[in-house]
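Participant: To start, I am sharing the structure in question, which I have written as structure tokens.
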Ligand code: NAP
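In this note's numbering, the protein residues as written are 125 to 437.
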């Protein structure tokens, strides 16, 4: 285990964390970005991003690669590791413990993102990886010419359903309301698409099969009628849970696990800031994650300068 001391440790290598890294590196803070090898962020799973200003259309992984290259060009130090705990040592000093190191730091930016929510219905745990997926770009190819079911009515569900039409014979979106939550432009594309159809006002109550998925039981929430629906693949996009479990006894979270911050990205704990989808926030987009990251890095910089007595007033 190596003991090292930093001005700032950023936890998470998505758009929020990398943007914070770019700003911190340009501010010449001694910064380390730690990203988990095992966590695949939401942007990495996105086939196509078309609402990041200045970039007409780009695959998620490519945008992340460009951001990383930009951060490295400013000298950002980064490491693949998993953070286990953050605690206060003494005074302004924080201890970040990972699988491989114990690093001391004056400030931390938590940018750990979120993981896909599960439905919690019978059959779900049994068939994850055996017909159930949370990532269309990763697993869509396994369902060539098959009947695919997409659960959810938000941006992710509709965007990924559109992507899955490249593979599936048919893509059916099951949504619990009579209208979708997704952006209107995505809805227009889905309604016009010949391979996409909808089962609205309906929830999936059970996932069936023997070795692999062969169908679902769908219940209409308005009339209570049940339908046995045959399908080969199920993609679940019913929202996200912030990756904040390791912080729950240390900083203030809301009931969904979102980190509560002020507009300067300060959390309830001195010296700890948060950015991106791990935060309680209104709009989860790449562009808002980047905005959070920039603000968090600026605030962390001010904090470190205050601690060192070098703040520029
Ligand atoms: P979301 O906006 O939270 O939508 C989740 C969807 O799943 C909702 O339609 C919700 O239904 C449904 N749902 C939740 N729990 C359910 C349950 N137990 N059973 C059945 N359905 C359930 O999540 P998201 O679509 O992943 O988007 C997350 C954030 O990322 C959003 O801020 C979104 O704008 C953003 N995003 C943006 C883009 C883009 O800009 N292109 C792409 C992807 C994601 P209700 O509608 O009834 O609540």
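Here a beta-carbon is modelled for each residue, glycine too, at the ideal position from N, C-alpha and C.
Compute the beta-carbon to beta-carbon distance between residue 155 and residue 149, rounded to the nearest angstrom, for a pair I have assumed lies under 8 Å.
Facilitator: Going by Cβ atoms, the distance from residue 155 to residue 149 rounds to 6 Å, so yes, they are a contact pair.
Participant: So residue 136 packs on residue 237, CB below 8 Å; how close in whole Å?
Facilitator: 6 Å between Cβ atoms; contact.
Participant: What residues in its chain sit with their C-beta under 7 Å from that of residue 426, if we drop five residues either side in the sequence?
Facilitator: Cβ within range, chain order: 435.
Participant: I'd like to check one pair, residue 295 with residue 285: are the Cβ atoms closer than 8 Å?
Facilitator: A contact, by the Cβ cut-off of 8 Å.
Participant: Cutting at 6 Å between CB atoms, please list the residues of its own chain near residue 165, excluding the five before and the five after it.
Facilitator: Once the five neighbours on either side are set aside, the close Cβ partners of residue 165 are 138 and 237.
Participant: Evaluate contact between the stretch 287–294 and the stretch 371–384, counting only Cβ atoms and requiring at least three cross-stretch pairs below 8 Å.
Facilitator: Contact fails: fewer than three Cβ-Cβ distances are below 8 Å.
Participant: By the 10 Å Cβ neighbour count, where 16 or more other Cβ atoms means buried, how is residue 397 classified, buried or exposed?
Facilitator: When all chains shown are included, residue 397 counts as buried.
Participant: Confirm the yes/no value for this check: CB of residue 299, any heavy atom of ligand 1, distance under 7 Å.
Facilitator: Yes, the beta carbon of residue 299 sits closer than 7 Å to at least one heavy atom of ligand 1.
Participant: Can you tell me whether DSSP reads residue 198 as helix, strand or coil?
Facilitator: Of the three classes helix, strand and coil, the one that applies to residue 198 here is coil, per DSSP.
Participant: In this structure, how does DSSP classify residue 313 when only helix, strand and coil are distinguished?
Facilitator: Helix at residue 313.
Participant: Compare the Cα-Cα distances from residue 387 to each of 380, 406 and 371 and report the closest residue.
Facilitator: If we check each option's Cα against that of residue 387, 406 comes out closest.
Participant: Does any heavy atom of ligand 1 sit closer than 7 Å to the C-beta of residue 239?
Facilitator: Flag unset: Cβ of residue 239 not near ligand 1.
Participant: Taking the alpha-carbon of residue 147 as reference, which of 177, 185 and 195 has the nearest alpha-carbon?
Facilitator: Considering only alpha carbons, the answer is 195.
Participant: Hey, would you say residue 173 sits closer than 8 Å to residue 410, going by beta carbons?
Facilitator: Their beta carbons are under 8 Å apart, which means residue 173 touches residue 410 by this criterion.
Participant: In its own chain, which residues sit with a C-beta less than 8 Å from the C-beta of residue 179, not counting the 5 before and 5 after it?
Facilitator: Answer for residue 179: 173 and 187, listed in chain order.
Participant: Between residue 283 and ligand 1, is there a pair consisting of the residue's CB and a ligand heavy atom that are separated by less than 7 Å?
Facilitator: Correct: residue 283 has its Cβ closer than 7 Å to ligand 1.
Participant: Going straight from the alpha carbon of residue 268 to that of residue 319, what length do you get?
Facilitator: Whole-angstrom Cα-Cα distance: 13 Å.
Participant: Just to confirm, does residue 175 get its C-beta within under 7 Å of one of the non-hydrogen atoms of ligand 1?
Facilitator: Yes, Cβ of residue 175 sits closer than 7 Å to a heavy atom of ligand 1.
Participant: Could you give the distance in angstroms between the alpha-carbon of residue 366 and the alpha-carbon of residue 221?
Facilitator: About 20 Å.
Participant: List the endpoints of the continuous beta strand (DSSP E) containing residue 295.
Facilitator: Residue 295 -> beta strand (DSSP E) spans 294–298.
Participant: Would residue 356 be called buried (16 or more neighbouring beta carbons within 10 Å of its own) or exposed?
Facilitator: Residue 356 comes out buried.
Participant: What do you reckon, is the C-beta of residue 362 under 7 Å from a heavy atom of ligand 1?
Facilitator: Indeed, a heavy atom of ligand 1 lies less than 7 Å from the Cβ.
Participant: Rounded to the nearest angstrom, what separates residue 224 and residue 159 at their Cα positions?
Facilitator: Answer to the nearest angstrom: the Cα atoms are 13 Å apart.
Participant: Rounding to the nearest angstrom, what Cα-Cα distance links residue 279 and residue 413 in this structure?
Facilitator: So the two alpha carbons sit approximately 16 Å from each other.
Participant: Which term fits residue 385, buried or exposed, when burial requires 16 or more other beta carbons within 10 angstroms of its beta carbon?
Facilitator: Result: buried.
Participant: Verify the contact flag: residue 276, CB atom, against every heavy atom of ligand 1, threshold strictly below 7 Å.
Facilitator: Within the cutoff, so yes.
Participant: Touching or not, the stretch 321–335 and the stretch 245–261, by the rule of three or more beta carbon pairs under 8 Å?
Facilitator: Touching, per the Cβ criterion.
Participant: Does DSSP put residue 177 in a helix, a strand or coil?
Facilitator: The answer is coil: DSSP assigns residue 177 none of H, G, I, E or B.
Participant: Enumerated in chain order, which unbroken segments of the beta strand (DSSP E) with a length of 3 residues or greater are wholly contained in the stretch 379–423?
Facilitator: If we require 3 residues or more, the beta strand (DSSP E) runs fully inside the stretch 379–423 come out as 396–398.
Participant: Below 8 Å between beta carbons: does that hold for residue 325 and residue 346?
Facilitator: Taking 8 Å as the Cβ cut-off, residue 325 and residue 346 qualify as a contacting pair.
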